[in-house]
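Since the structure comes first, as structure tokens, the remarks are kept for the end.
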Amino acid sequence: MSDGRPALRRDFPNRAALVDYVRRTFPGAAAVDAHIAPTLGGRRIAETTLAHIDPAAYAATRNHLNGAVTRLSPYLRHGVVSLTEVRNAALHRAPQAAAKLINELGWRDYYRRVYSVIGNAVWRDLEAYKTGWQVHDYAATLPADIVAGATGLACIDAFSRELHTTGYLHNHARMWLAAYIVHFRRVRWQAGARWFLTHLLDGDPASNNLSWQWVASTFSHKPYIFNRENLETFTGGVYCAVCPQRGRCDFEGEYALLEQRLFPHRQAAVATTEPAPLRSSVSQPVRGPMALSRPIVWLHGDNLSPHSPALLAAANAPALWVWDDALLARARISLKRVLFLYECLLELPVTIRRGEVAAEILRFAAEHKADGVITNVTPAPGFAAIRRRLEQTLPVVALAEAEAFVTPPVGLDLRRFSRYWRKVAADALQMKA
Ligand SMILES: Cc1cc2nc3c(=O)[nH]c(=O)nc-3n(C[C@H](O)[C@H](O)[C@H](O)COP(=O)(O)OP(=O)(O)OC[C@H]3O[C@@H](n4cnc5c(N)ncnc54)[C@H](O)[C@@H]3O)c2cc1C
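Here is the structure:
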């Protein structure tokens with residue numbers, strides 16, 4: 022049944038050979054940005070990273086650029102490790118000091134739940150800007166000097182370069198860069214969000230777009246801004262010390278003064294009403310019935326662990342990954358992101374192909390005379406569309422993690438993190454009732 026389309030390679034003597042192959046195989050991604058990040062993909066390095074987390078140091082230093090953050094985000098984003106695994110490891114390592122880290126893990130869980138409710142609306146302003154400005158007051162595209170790291174502001178230019186070369190930014194750097202783009206340069210958050218997704222190894226429409234909306238104030242009560250004092254406190258002053266704009270930069274001054282300058286029309290526009298609740302889906306994903314006798318496994322980018330539910334449920338079944346070339350081009354995914362995923366795939370028992378995803382899965386299923394497809398649950402709207410296509414031909418079983426990070430009550434209000442966290446914190450922290 023095969024049309025002779027070859028699988029992509031899996032055998033590489035070293036990283037340099039893999040990098041060379043990925044560069045030649047994905048010229049579109051290399052044309053977007055050809056940097057190679059030092060962060061390695063795969064479960065082995067994820068486990069090593071997990072073994073080094075220090076929840077007590079994390080709680081004390083998390084907001085500092087040189088603080089003891091975990092750098093687990095690319096692995097969590099792609100399901101190489103799960104939130105539950107990290108939570109359990111944190112509680113095991115430091116039962117008394119794990120709460121801060123678990124609370125931050127909660128943000129990821131929260132954003133994914135919002136995403137599963139709103140889907141592609143994650144790209145739309147969820148609420149009005151609370152800045153006094155209207156949408157049309159914001160530029161639609163990212164200024165070239167920000168992308169080029171040539172604003173003349175040492176901090177902003179360093180963050181831009183770091184994003185391009187490493188595919189990672191500390192949370193505080195993301196907040197400062199986002200606030201600079203949206204509030205100091207008055208650019209729509211969507212332009213910045215697209216830029217981040219091109220480069221971040223953990224790039225995720227849920228955490229990324231909703232964080233941008235939180236900064237912008239379209240998913241929060243007020244805009245997030247910062248001043249030089251704040252930046253100096255959490256960076257140890259390393260950028261300001263060498264900045265040509267020192268003493269006269271955009272971030273100088275007290276918050277009240279900055280707010281007056283950035284949002285001169287704000288008072289009149291501040292929302293006085295509570296935003297409407299955003300209810301979680303009625304049903305939680307279930308562990309589906311396994312009535313298939315000859316399944317294939319389809320792996321997607323949200324579950325790249327050898328312990329993913331689908332791989333565990335059908336350990337001997339042929340498994341497939343399909344590079345979605347149209348998606349890579351549409352989202353302008355950079356080479357470092359492709360490389361990271363490729364490294365994750367090389368540690369999994371999976372055939373690697375490229376093309377139109379549903380068509381490739383069906384072709385693979387026919388080659389193996391399969392009676393259905395087993396995969397993992399994800400809130401990504403693109404997944405639902407592929408699943409519908411597959412189900413015209415074959416049954417699809419989508420499995421959830423055996424141990425959820427939290428099991429919130431049905432119909433939970435997801436409008437604000439605080440409302441969600443009040444309801445799930447005890448569950449997340451594994452506190453006995
Ligand atoms: C503008 C902006 C864009 C962002 N884009 C993304 C993105 O595309 N993908 C992404 O995973 N995170 C995103 N974040 C959230 C956060 O910045 C990163 O998850 C975190 O910095 C990753 O580094 P770490 O693994 O060392 O985090 P740690 O501080 O060690 O936290 C551990 C894990 O908890 C989760 N987490 C921590 N803080 C947050 C948060 N505020 N929101 C959501 N999850 C959190 C992450 O999975 C992280 O890996 C964004 C934040 C902002 C402000």
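Going left to right, the sequence shown walks through residues 22 to 454 as our numbering numbers them. Just so you know, even glycine gets a beta-carbon here, dropped at the ideal spot from N, CA and C.
- For Pro226, the enclosing alpha helix (DSSP H) stretches over residues Pro226 to Ala237.
- In this structure, the C-beta of His191 approaches ligand 1 to less than 8 Å from one of its heavy atoms.
- Pairing Asp54 with Phe272, the inter-Cα distance amounts to about 30 Å.
- Runs of the beta strand (DSSP E) lying entirely within the stretch 346-382 and spanning at least 3 residues, in chain order: 372-375.
- When DSSP states are grouped into helix, strand and coil, Ala37 belongs to the helix group.
- The C-beta of Tyr79 has 16 or more other C-beta atoms within 10 Å across all chains shown, which makes the residue buried.
- For Arg182, the CB contacts under 7 Å within the same chain, skipping 5 residues up- and downstream, are Gly170 in chain order.
- Counting C-beta pairs with one atom in each stretch, the stretch 67-75 and the stretch 96-106 have three or more that are closer than 8 Å, which means they touch.
- Inclusion of Asp223 in the 8 Å shell around ligand 1 follows from its C-beta lying nearer than that to a non-hydrogen atom of the ligand.
- In this structure, ligand 1 has no non-hydrogen atom nearer than 8 Å to the beta-carbon of Trp442.
- DSSP places Thr414 outside both helix and strand once states are collapsed to three, so it counts as coil.
- Less than 9 Å divides the Cβ of Gly213 from the Cβ of Leu163.
- Taking the Cα of Ile66 as reference, the smallest distance to any Cα among Arg92, Leu231 and Pro416 is reached at Arg92.
- DSSP places Leu299 in no beta strand (DSSP E); its state is neither H nor E.
- By the Cβ neighbour-count rule, Arg129 is buried, with 16 or more other Cβ atoms within 10 Å of its own.
- Each of Ala419, Arg300 and Lys357 was checked against the Cα of Leu221, and the nearest Cα belongs to Lys357.
- Relative to the non-hydrogen atoms of ligand 1, the Cβ of Trp235 comes within a distance shorter than 8 Å of at least one.
- Rounded to whole angstroms, the gap between the alpha carbons of Ala50 and Glu364 is 16 Å.
- Linking Arg64 to Val101 through their CA atoms gives a straight-line distance of about 6 Å.
- Going by DSSP, Ala55 is part of no alpha helix (DSSP H) at all; its letter is neither H nor E.
- Listed in chain order, the non-local C-beta contacts of Pro339 below 6 Å within the same chain comprise Ile317 and His389, local neighbours out to five positions each way being set aside.
- Set against 8 Å, the gap from the CB of Phe217 to the closest heavy atom of ligand 1 is smaller.
- Under the 10 Å beta carbon count, Met452 is surrounded by fewer than 16 other beta carbons and is classified as exposed.
- Residue state for Thr396 is assigned as strand, using DSSP reduced to three classes.
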